[in-house]
Every structure is written in C-alpha cells, then in structure tokens.
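J.:
Residue numbers (UniProt numbering): 1 to 640.
1. For residue 486 and residue 479, I'd like the C-alpha separation in whole angstroms.
2. If we call anything under 9 Å between Cβ atoms a contact, is residue 286 one with residue 346?
3. Select from 201, 530, 284 and 190 the residue whose C-alpha is nearest the C-alpha of residue 260.
4. Cα separation between residue 111 and residue 552?
5. Would residue 145 be called buried (16 or more neighbouring beta carbons within 10 Å of its own) or exposed?
6. According to the neighbour-count rule (16 or more other Cβ atoms, all chains shown, within 10 Å of its Cβ), is residue 230 buried or exposed?
7. DSSP puts residue 141 in a beta bridge; with which residues?
8. Going residue by residue through the UniProt domain "PDZ" (490 to 554), where are the continuous beta strand (DSSP E) segments of at least 3 residues, counting only ones entirely within it?
9. Can you give the Cα-Cα distance for residue 509 and residue 323, rounded to whole angstroms?
10. Checking the sheet assignment: what are the DSSP bridge partners for residue 33?
11. What does the Cβ neighbour count give for residue 70, buried or exposed, with the cut at 16 atoms within 10 Å?
12. What is the C-beta distance between residue 450 and residue 300, in whole angstroms, given that I count them as a contact (C-beta under 8 Å)?
13. Would you check if the distance between the CB atom of residue 247 and the CB atom of residue 209 is smaller than 9 Å?
14. Any chance you could list the alpha helix (DSSP H) runs of at least 4 consecutive residues sitting entirely within the region 267 to 345, in chain order?
15. Counting C-beta neighbours from all protein chains within 10 Å, is the total for residue 160 16 or more, i.e. buried, or is it exposed?
16. Looking only at C-alpha atoms, which of 270, 223 and 526 sits nearest to residue 100?
17. I'd like to know whether the C-beta atoms of residue 385 and residue 337 end up nearer to each other than 9 Å.
18. Cutting at 6 Å between CB atoms, please list the residues of its own chain near residue 256, excluding the five before and the five after it.
19. Touching or not, the region 544 to 551 and the region 502 to 521, by the rule of three or more beta carbon pairs under 8 Å?
20. I need the DSSP call for residue 561, collapsed to helix, strand or coil.
21. The beta strand (DSSP E) with residue 190 in it runs from where to where?
22. So, under 8 Å CB-CB, residue 220 and residue 98 are touching, yes? Tell me the CB distance rounded to an integer number of Å.
23. Between the Cα of residue 458 and the Cα atoms of 279, 316 and 264, which residue gives the shortest distance?
24. Let me know the secondary structure DSSP gives residue 394 once reduced to three states.
25. Applying the criterion that 16 or more other CB atoms from any shown protein chain within 10 Å of the CB defines a buried residue, is residue 64 buried or exposed?
26. How is the alpha helix (DSSP H) around residue 163 delimited, first residue to last?
27. Can you give the beta carbon distance from residue 226 to residue 274, rounded, assuming they're within the 8 Å contact cut?
28. For residue 699, I'd like the list of residues in its chain whose CB is within less than 7 Å of its CB, leaving aside the five on either flank, ordered along the chain.
29. So for residue 387, helix, strand or coil by DSSP?
30. In three-state DSSP terms, what is residue 239?
31. I need the boundaries of the beta strand (DSSP E) containing residue 183, first residue and last residue.
32. State buried or exposed for residue 554, treating a residue as buried only when at least 16 other CB atoms are found within 10 Å of its CB.
33. Strictly by DSSP, which residues pair up with residue 115?
34. If residue 407 sits next to residue 383, beta carbons under 8 Å apart, how far is it from one beta carbon to the other, in whole angstroms?
35. Going along the chain, which residues of its own chain have a beta-carbon closer than 6 Å to the beta-carbon of residue 495, five neighbours each way excluded?
36. Can you round the beta-carbon distance between residue 178 and residue 252 to whole angstroms, since I take them to be within the 8 Å contact cut?
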C-alpha cells in the first residue's frame, strides 16, 4: 500500500464497523437513513393500499393526511442522503490544491442466511457449519472494505467465491429461499431478489465505487498521486462498464443502464481532468507550444464534462443524480473552458510563434489567421477576446457554484475558482488599453485535443485466487446445482466367492459402471450409475479409483458399508453439463475458476448473452465422467 493511502483496515477482515472514524460515521449515517427510508416506504405502501381499498371518506381523509406526512419524511430523508452522497471533502487529502473529485458511496446490504443452500445435496447443514460461517464472515467483511488494495481484493475474493456458490447451490430453473437485500447507492431505496446475479452485480458496483473513493483521495499535487488517481478512475469506469454490459433488468436505479452509462462517463471525465493536471504539473516552461497544449487539454476536459452534463440531464437520470453532482459537473465544464481560453490568450499575447494550425474549430472572424499572427495588435485583440470569454466562463462557473449549498461549503473549490477568475481578469486588464474603443471580437472555439485518451480498464478477477469454501461437497464438475441427486443410500456388501459383483470406473468420485446380476452388489441394492461417496463412513468424493479399490479390498469379514447417491436424468444432465462449459461474458476468468458460469434465465437480473458464446476445452479439463463416453475410459474400469 502506498504511503499516501491511509490504512483503514486489515486485508481480510474489512474495516472495524465500530471504529469511530469520519468514514465509519458517514457509513453508519447512510445505513440508518437507508433503514428509515425502507420503513417509510413500507408505511406508504400500506397507506396507499388502505386508501384504495376503503370507501369511508373519513378514513380516506385520515390516510391522505398520513400519506402527506410520510411523503414529507421521505423527501427529508432523500435530501439527507443526497447531502451524504455529496460529501466530497472527507474523501480528499487536505493538502491537495486541485478541484475536488466525485466519489461514490458503497451500496449497503443486510445479512444473508445461506444454511438452506446445502440441503440441495441432501446433507445436514450442521455438518457444514464451519463452511457456512466462513462464507458469512467473508460477506460481512466485504460490507466494510478498507479504502486501499486490500479492500479491493476483499471484494474480489467474495465476488470470485460467488462463482462457486452459483455452481454449487443455484439451479438454473429453481430459486432457493435465499434473499439478497441491497440499498440503492444514491436514493437508499431497498431492493430484494433471490437471484444470485443481483448479489454479484451489487458487489461489482461496490468494486467500482471503492475505486472512485481511492481515486478521489489521492494527493494530486504530485505526478505519482495523479497517476494513482488516473488508474483508480479508469478501473472504476471499467467496473461500471462491465456491469452495464453483463447485467440487465437491474431492480435498483444505480445499476440501471442509463445510470451506469452516466457513471462511466463521469469517471472518464475525471481521468481526463487528472491528465490535464499532470500536463500542468509537468509543463514548467511558458513556451508558446506548451500554452497551446494546455489550452487544448483544458478544452478536452470541458468537452467530456459537457458530455457528462448532457447524460445527467437525460429523463431517467435527471431526477436521480444528486443536485450537487450535476452542479459540480457544470462548474467544471465552465471552469476548464475558461482555462482553455486563458491559455490561448497567453499564447497569443506573450509569444510571436506562427504555428496556430489546427488550433481553432473554425477560423476567427475578421482578418486572416496569418495576418493576425504577424500583427502584434491583432494578436492582442484576439487574445483579449479569449480572455473575455475566459472571464465570462469563470463567472458562470462561480454562479453555478453559488446556487448549490453543498458546493458552497467547499473552500478548496471556492478558492480555485476565485484564483483562476482573478488571474484571467488581471491578464485582461493588462491588455485593455484606454484608447481601445473597438468592440471586442468573439473568440473562436478551441479545438480540444489530448495526448492521453482515458482507458476503460475492466476488472481483472484472476488477480485474486480463491478456493471453493464448500469443496468438501465434492468435485464441482459432478456435485453442482445442475445435478438432481437422490438421497444418500447405505449399501451393506458381504463379499462372496465371486467377489462383490460390481464394476467401478473413474475417480473423484468413483462411479459404479455395472453390477453383476444376482451378485452381492445387486442383491444389496447397488445400481449401475451410482456414485460412491463414502466407504465405511470415510468420505471418498475426492478419492482416486485406486484408493476406493483399496478400501473395498481391505474390508473385514463382516463386509463393507457403502454410501452412494444416484444422479437422476443422467442423459439430460450430461447434455446440460456439456452445454454449460462454454464461456459467457460474465466469466472472464475461466482458467482461475475452472469453468464458465450460467445463470437462471428466470431471474429478474439476468446475464446479457448478446455476444457469441465460445466453446472450449474446458469440458475435458474438468474431468467430469458426464462428458466422457464409457468407451474412452475403459482403462480405468475394473471389476471387483
């Protein structure tokens, strides 16, 4: 972890939720507001139902009055949450002199009970108390991740673990009794679904949100801090973009397509702003071309913030985005446009260089550009026009800033706007001659350009290695949610002169490939297709062929007790497993996790499968007996 990053907590345990840090206080307030919003919304729903159901006018009046109180409370809570979402100052270091960035708060969630999931295998959930506890502790820890690399790895660890959870316990066409509750990041409105995809999407959203917090808190007064901020905002954009492309029909507004599109563009704009800051920091000279480059970089930042502003004014996003965010974006669009005109004026008035090619969007009105550049007086007039536009833009930025109560509290932003405005005014005064009675011309728009276009960096889940918490259940290729298992049967075998009368094949787990009619195994009730999961009480789901054979041969005179399970609809299941091993968009980490994911099409929040699915060699690598013909593995088959 960098020295500029505060250590908020340990790598695997998340932050201490009871530690009274400024950040934890904000998170406690957010959780409290979310709960109050949830309560008020339930009251409103009940009151509205009563209002529709009753025919008594007096009751209607009473309910209408109650509804007005509830709506008023909801509005106050919404405003309080908006102010919380706009707390930009606590997330930046005090020594930073740059304009503040916009971070996102994490989505809050409730606890989840996973005990019901183990029942799919006919197992007693108490036998897996340790695994369930480990999963619950991991989920609890990722609710309060530290704002550093350790916190990101914690979220990714849980996200990767959800892959195994999906494969183990969530059948394609049946929902378990597990409910996932998450609160909207900006409105606090609760959503609840039984689809694991909702859990995945919410964790992925928090990965993006945590990157925004890490980016916003960097000290951008040095290039190292700027580079870290650029990396964080690019990764935040990548997380939100990945979420937008791979999840659909989100139940909460923060994960809807329009909102995610807005967030991606906001992060890209903040990257572009950081690029400008780095150019400013590394440009020590006042050379003509350096000033032009600064002007074009500033124009580029203004353009991207203008695009964010347009996105925020779209119908589905306009009423959702905090007013302070929209104000901040507009302030920055005006502020950087003003800076572009200021640097253009400096280049014109302080230098005599002739290389103005491709600088303007359109040629200035009046004399030709070559004539302007040759004539110092014409350059002064054009520079003055640029400064006039710079001052106008500065004043518009300050006006928008003054309209937002939350932005008015930001001393850093106030100072930056005032200093830049005064600098442009002072430069304008230098050029403003007493005998200059000509009307100031309109300065042309500056062609925006950047030397570094932002990258949208998708999340790389393979950097965090995880082990299946529930691996005791057996190999995932066989013991998965898609398989329909019968109950565990106990088979007692007494060895006869002809042996046990069964044929075994494969390993992990060993399959009963056949039973001899009238033999010991057939009489005991063993069937072809049974899987041996235990021998004399010793678990052998992961056992190799030779190990199981050794156990059978070592049995005493009293015989051996086998625990077996039967996979129903073997042919159907075989097809299902073969089909499920192609890669889909959500699973970009096949080699890490050992196979591709599938998700129920019945979920309200589904995987978006627009891209062509790929086949692969995953099936063979998994070693599932479902995916291999009997004839191809006769060398591992033997009769006992």
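Built from N, CA and C at the ideal position, the CB exists for glycine as well.
T.: Based on what the coordinates show:
1. 12 Å
2. yes
3. 201
4. 45 Å
5. buried
6. buried
7. None; residue 141 has no bridge partner.
8. 502 to 505, 510 to 515 and 530 to 535
9. 59 Å
10. In DSSP, residue 33 forms no bridge with anything.
11. buried
12. 4 Å
13. no
14. 288 to 312 and 315 to 318
15. buried
16. 270
17. no
18. 250
19. yes
20. strand
21. 190 to 193
22. 5 Å
23. 264
24. helix
25. exposed
26. 149 to 169
27. 5 Å
28. Lying before the first or after the last residue shown, residue 699 is absent from the chain, which here runs from 1 to 640.
29. helix
30. helix
31. 180 to 183
32. exposed
33. DSSP, once it has assigned bridges, lists no residue as partnering residue 115.
34. That pair is no contact at about 31 Å.
35. none
36. The Cβ separation is near 18 Å, so there is no contact.
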